[in-house]
Structures are given as C-alpha cells and as structure tokens.
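Below is one structure, written out as structure tokens; the observations come after it.
Structure below.
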C-alpha cells in the first residue's frame, strides 16, 4: 500500500467536524465511513471506491471534459445535464427537424446520433504518488527541482500505463504539497439518445438560472459505444453499446427531508485559499467589469434570437455559455458581500500570522507569508484585471477574434518555416470552416464588437491599449473590419487558406481584423505577460507553504483540497435553507410550480401543449410521491462547475437525482463555503423517468434500467 501524504492525513481527520463542506478524494473515504453512516449511508466506502473491484466510481464518467455523467444501464446508457449536452443537441437541430424545441427520443440503436469529438472518461484508479514525485528533489532548488519532478512524473506515468490502453495524468493538489496519479479510460463514441424539449431542459432560462425555487428538467441521455472487445474506439457503425463494470440502480422510493445524499463527480475549480486583497479586488473590480462586458454581448444576442428561429438555433449554445458565468458572477458578488467574506479572510489571515509567531519554527516558515501575498496581489491587481478584460474581449466577445486566432496559428507555423505542419493545419481549418460560418451572423458580431470595444477602451489603462483602439474612431474601425476583413466572410477566408503563402507575405498583416488582433496580442506579450508570469508564479510558490501552514498549525480545522477537475465525493443531506432574514427555501419543487410559472406568461416559462395535457390529466405514471410529481430538490452538498450532471446518490447507493446547479446564495462557495446557506440543486430522477417514459413515450429506455421501488 502506498504511503498517504502527511498533508492529506490532516485533511482526513480535520473534516469530520463538517461533513457538508469539502470535496473529498475517493481513496480517502474510508476515514469518513463512520461519519457518513451516521448521516444515513448504508453502503461501505469500498462500495463507493474500489480500485480492484466493481464499485460506484466505475459508473461515474467525465462528460466532454467539462461535466459529469453517470451510467444507468448495463447497455452503456448515460445520463447528464441538458446544458452539458447543449451543443450536441443543437448540432443535430435544424428548422425542419427542431429537436431542441420539440425533444427527441431514439426508438432504436440505429436512430441514436453520433457526436464527433465527444468523450466520456472513466477513472480506473487513483494513487497518491507524492513520495515518488518528490524522490531526489530535497537537495535541489528552482528549475533543477522542477526538472527532476517532471522526470519522475514521466517515469511514473510510463510504468503505470505499460501494456494498457489507458491514459495517465499526475496532478498536484494543494499547490504541490501532494500529487495523485489518475489512470483513465476514455470512450470516443458517445451518441445522443434523447433530450426533452428546451421548454423542459432549459425551463426558466436566464430568469431562473442560479436561483431557487427551480423547476428545470435539466437532463439529456446519451449512450457509450465500444468495439467488439468492449474497448474504447473511434465512431464506427460496427461498434456496440458499452457493457459497464457498474451502473447505478435508480430509486423510486419516497424522498425524506434530511436523508443522506452524496454527489460523485468531477468538480472544476475552487479557490478557497484566495488572499483577502485579491478577493476584495475580484468582488469590487474584476467581476463587475466582466459582468458589464457580457451584458453588452447578451444585449445584442438576446435581441437577435428573439427575432428569428434560425438565429435562435445558431446562437443558443453560445448564448448559454456567455450567460451562465454572467449570472453566476452576480450571485457570487452578492453572496460574498452578504457573507462578509473579505473581512473574514482578513481576520483569518491575521490570526494565521499571530499563530505563526507563537513558534520560532513556524514564524520562520509562515510568519511573513500573509503580508507577502497581500503585497503581491496589491502590486499586480491591475495586471490581473487587464488580463481578465483581455479574455472577455478577445476570447468571449466578437467571434471575429476567433478566426483571427486561427489565422495567427497558421502565421506562426509559416514564420517558423514548418511547412508540413502548416499544410496539415490549413486542411484542418478548411474542414471546419463551414461549421463555423453556418453558425455566424456578421450583423450580430459587428454590434458586439463595437459595444465591447467602447467599454474595453474606457476600462483599461491607456498603456494596455493598442493604437488601433487608442487612436481610432471606433465606428470607423468597426466599418473597416466588417466590410474589408476576410475574417468575417467564409468565401474570402477560404481564398486566403487556398493561397496562404501568397497572402502571408504581406496581405494578412494588413487585414484590419487581424491587424487589431495582432496589436492586442503584442500588447499582451510585451506589456502584460511578464507581470502575469511574475504574479501567478510567485503566488503559487507562496501558496504552497501558506496552505501547508494551515494544515500544520490548525490540524483540527476544516481543510480540503481545491477542486481541480478530478473525481471527488461530497456528502450532505436533502434539505432546504434559510439564506437570509425572512426567507425560507423548501427542499423540493413540484410540477404544480412549473404550471404556476407558465401561467405568468413570461417567455422563459413557456411549455408545449403536451405538458399541460398530462398535468390536467394528472398522468404521473406512478412517478409521483403522495400525489405530487417532484421536479427538483436541494441538498447541502458542496459542488461547483464540473459537477453539472453528477449523480445524487442515496444511502443505499441508488440514484435519486442529477445535480445541475447551485442556488444564487451558493455561488460564493467557489471562494468560501457557508453550510447554512449553500445548496446544490438537482432534478429528481423520478421527473427524469416521467419525462422519458410518459412525456417522451420512450418506455424502452426505462426498461433498460435497474429500478428500485
């Protein structure tokens, strides 16, 4: 048995006091087993995670690299969120066959729809390899130490993969205090089986996003396929449904308030150790500006989508990506301010420094860290703000920049005289060109560009502005780009690709769109990149001992590793909350609430006639509880982005819901978790089955599942 790192032993023993907070590494669950059982869990830790035998972890899949999904049948049926499969759903949607609007259910395997590039990844095993990674590093410093770590990592991965078809990754935890080896199996043939209509899958739209009470049927169904040997393979008509090592039984039993809930998935990123000065700047400067930038994009996109069904289909997925973080950030600011997060950080940091002073050894190692981190963020906050604005402008804003970045990749290959790679890259771009421009509206893009350019110019220090923005009339710049640039026109873009060497010599650099991008890139490289490297590099180096000090000086406190897209478990209860004075959230919602919202007449609460018909007939198909059809419920599980699609599992190891969101007050949990306020939101699995079986008339899919009544 591999030695568990000291810092993670601290984590194990310190988390008993607050089960709801934290995202636990599955290999450490044995230490929590008695606590989990006290809360209502009836299975064992090994039933959840076992590296050598079938366990629940074998049914949990990383969906598309950004969400979670779970296997719910012995034929590879996969359940995730509607918003996780949004781009796949819309890729199969046309005006003539609008499956996004009306829903879709494959009646046979032959009708299931392929999705190029979509993957589902199983975690084969997780190992603590901290000792192996750090072997021979103690006597080294700086680049020499980093080089040795990289060599050790390469060797560990090679040994772990020898003779297998698996993949390996070694990730640092707690800023390099520990390292874990992740062995993964990635399936590359994942097909769309079914989706509810958007009036169910996105019921509530932006109005309800990140809020409670919630009535969204946020789910979609896919299926994993493998080759004849049940091994991952590229899409092929001869592939067969994957036979999983484990699939989740589904519970139709009545729910009870305070019953045990466990969320098993791949949470993306949390930042619980952020220093007070940085958090203050995020709350009061960075997030408001990011929200403003997205306000501008959404004002254009939303208006255009309302005018045209074709535009709605083109931009639905893009709009959802932009709007999701936009509304989350608003709730995050509100929650952190209400929770007095900055002052709590200051108080903790001051106490940390005082505690360090009580020991000569601690004081030498930890005594100056807080002050240094505060000074560091104060020095580089403006650079961090500028970087975030650059990302919003060039990567999230006008899509003209997307094509500019693609051309820039070709230009680099051309300038480096890598002609073989250049030719391959050109052909790859040609293959995807129609896909991009078929989902692109130049009139939308030009409006977004102008509005964001005006804001960007006002928000940034002049030293970070390129001449094209600083000294140009923005209306003229907009006109020049959107009438003259080849980036905004498919035919002209294709002409450049077909004659790339000719155009690369002079004409591309003169293109007004590419010229602006080039200037922005030069400013980033010459005036910003050095500061960012200094800031992020120094911050990460300081965070390693800062976090180590937390574990060492406060071994009984609540500690857990930041989320980093690795498999984690969080457990709590099915319960409501009282987020603020005079407000109480019930723990579940029902179909009655769906109809109530529909009756307001608000466009985000639209329904198709079939829903109204089934409701009037009270045709719940046996999926109700005491005459009510539960739609969503909340739990005290600590979740974040990446947990979308995660299974909510009861004490018996059975699926009872699919996690898809947090309440408005809970979005603060990326920086600070408050167990009294923070709640995750899940769609009840009985509503999912009702939608499939009764509403969608696809009972054959339910027949695949293992149902526990």
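In the working numbering, the protein residues as written are 1 to 709.
Ideal Cβ positions, reconstructed from N, Cα and C, are used throughout, including at glycine.
Rounded straight-line distance, which links the Cα of residue 677 to that of residue 577: Going from the Cα of residue 577 to the Cα of residue 677 covers about 6 Å.
Run through DSSP, which three-state label would residue 105 get? In the structure shown, residue 105 sits in a strand (DSSP, three-state: E or B).
As a quick exercise: from 33, 190, 594 and 457, pick the residue whose alpha carbon is nearest that of residue 472. Nearest option by C-alpha distance: 457.
Closest residue to residue 496 among 37, 412, 538 and 407 (Cα-Cα distance): Measuring from the Cα of residue 496, the nearest candidate turns out to be 407.
Close beta carbons around residue 234, own chain, < 6 Å, minus the five adjacent residues each side: Within the same chain, residue 234 has close Cβ partners 188.
Are at least three pairs of beta-carbons, each pair with one atom in the region 116-128 and one in the region 23-42, less than 8 Å apart? Yes, the region 116-128 is in contact with the region 23-42.
Are the beta-carbon atoms of residue 547 and residue 174 separated by less than 9 Å? A distance below 9 Å separates the beta carbons of residue 547 and residue 174.
Which parts of the region 350-375 are runs of the alpha helix (DSSP H), unbroken and 4 residues or longer, counting only runs that do not cross its ends? As far as the region 350-375 is concerned, its whole alpha helix (DSSP H) runs of at least 4 residues are 360-366.
For residue 143 and residue 537, I'd like the C-alpha separation in whole angstroms. Residue 537 has its alpha-carbon roughly 13 Å from the corresponding atom of residue 143.
Please state the DSSP three-state secondary structure of residue 682. In this structure, residue 682 counts as strand in the three-state DSSP scheme.
Looking at the structure shown, is residue 400 part of a helix, part of a strand, or coil, going by DSSP? If DSSP states are grouped into helix, strand and coil, residue 400 belongs with the helices.
Secondary structure at residue 659, three-state DSSP: helix, strand or coil? Note: residue 659 maps to strand in three-state DSSP.
I need the boundaries of the alpha helix (DSSP H) containing residue 710, first residue and last residue. Any question about residue 710 goes unanswered here, given that the chain covers just 1 to 709.
Considering only the alpha carbon of each residue, which of 286, 605, 117 and 103 lies closest to residue 432? Selection 286, 605, 117 and 103 evaluated against residue 432 yields 117 as nearest (Cα-Cα).
Would a C-beta distance cut-off of 9 Å place residue 728 and residue 660 closer than the cut-off? This structure leaves residue 728 out entirely; the chain is present only between 1 and 709.
Please look up how many angstroms separate the CB atoms of residue 655 and residue 72, rounded, as I've assumed it's under 8 Å. The Cβ separation is near 7 Å, so the contact holds.
With contact counted as at least three CB pairs below 8 Å, one residue from each stretch, are the region 193-200 and the region 100-116 in contact? Judged by Cβ distances under 8 Å, the region 193-200 makes contact with the region 100-116, as three or more pairs qualify.
Which value, in whole angstroms, describes the spacing of the CA atoms of residue 340 and residue 499? Cα to Cα, residue 340 sits roughly 59 Å from residue 499.
Look up residue 154 in the DSSP assignment and give the residues it is bridged to. Partner(s): none; residue 154 has no beta bridge.
Just the Cα atoms here: how many angstroms apart are residue 132 and residue 227? About 35 Å.
Ignore the nearest five residues each way along the sequence and tell me which others in residue 267's own chain have a CB closer than 6 Å to its CB. Cβ neighbours of residue 267 beyond the five flanking positions: 23, 563, 568, 640, 642 and 643.
Considering just the uninterrupted stretch of the alpha helix (DSSP H) at residue 277, what are its terminal residues? First-last of the alpha helix (DSSP H) with residue 277: 276-281.
Using the three-state DSSP reduction, which class does residue 168 fall into: helix, strand or coil? Three-state result, residue 168: strand.
Is residue 670 closer than 9 Å to residue 332 when the C-beta atoms are compared? Residue 332 is a Cβ neighbour of residue 670, given a cutoff of 9 Å.
Contiguous alpha helix (DSSP H) assignments of at least 4 residues, all confined to the region 235-303: As far as the region 235-303 is concerned, its whole alpha helix (DSSP H) runs of at least 4 residues are 276-281.
When the Cα atoms are used, what is the spatial distance from residue 405 to residue 437? One C-alpha to the other measures close to 15 Å.
Can you tell me the Cβ-Cβ gap for residue 488 and residue 442, rounded? I've got them flagged as a contact below 8 Å. Taking the Cβ atoms as the reference, residue 488 lies roughly 5 Å from residue 442, within the contact range of under 8 Å.
In terms of residue numbering, what span does the alpha helix (DSSP H) encompassing residue 311 cover? Looking at the DSSP string, the run of the alpha helix (DSSP H) that includes residue 311 is 309-338.
Return yes when the Cβ of residue 248 is within less than 9 Å of the Cβ of residue 59, no when it is not. In terms of Cβ geometry, residue 59 and residue 248 form a close pair [threshold 9 Å].
Buried versus exposed, by CB contacts within 10 Å (16 or more), residue 41: Flag for residue 41 reads buried.
Anticipated Cβ contact below 8 Å, residue 376 with residue 223, distance rounded: Actually they do not touch by this definition, with Cβ atoms about 49 Å apart.
Residue 425 classed as buried or exposed, judged by whether at least 16 other C-beta atoms fall within 10 angstroms: Result: buried.
Determine contact between the region 317-336 and the region 202-217, defined as no fewer than three beta-carbon pairs at a distance below 8 Å. A contact exists between the region 317-336 and the region 202-217.
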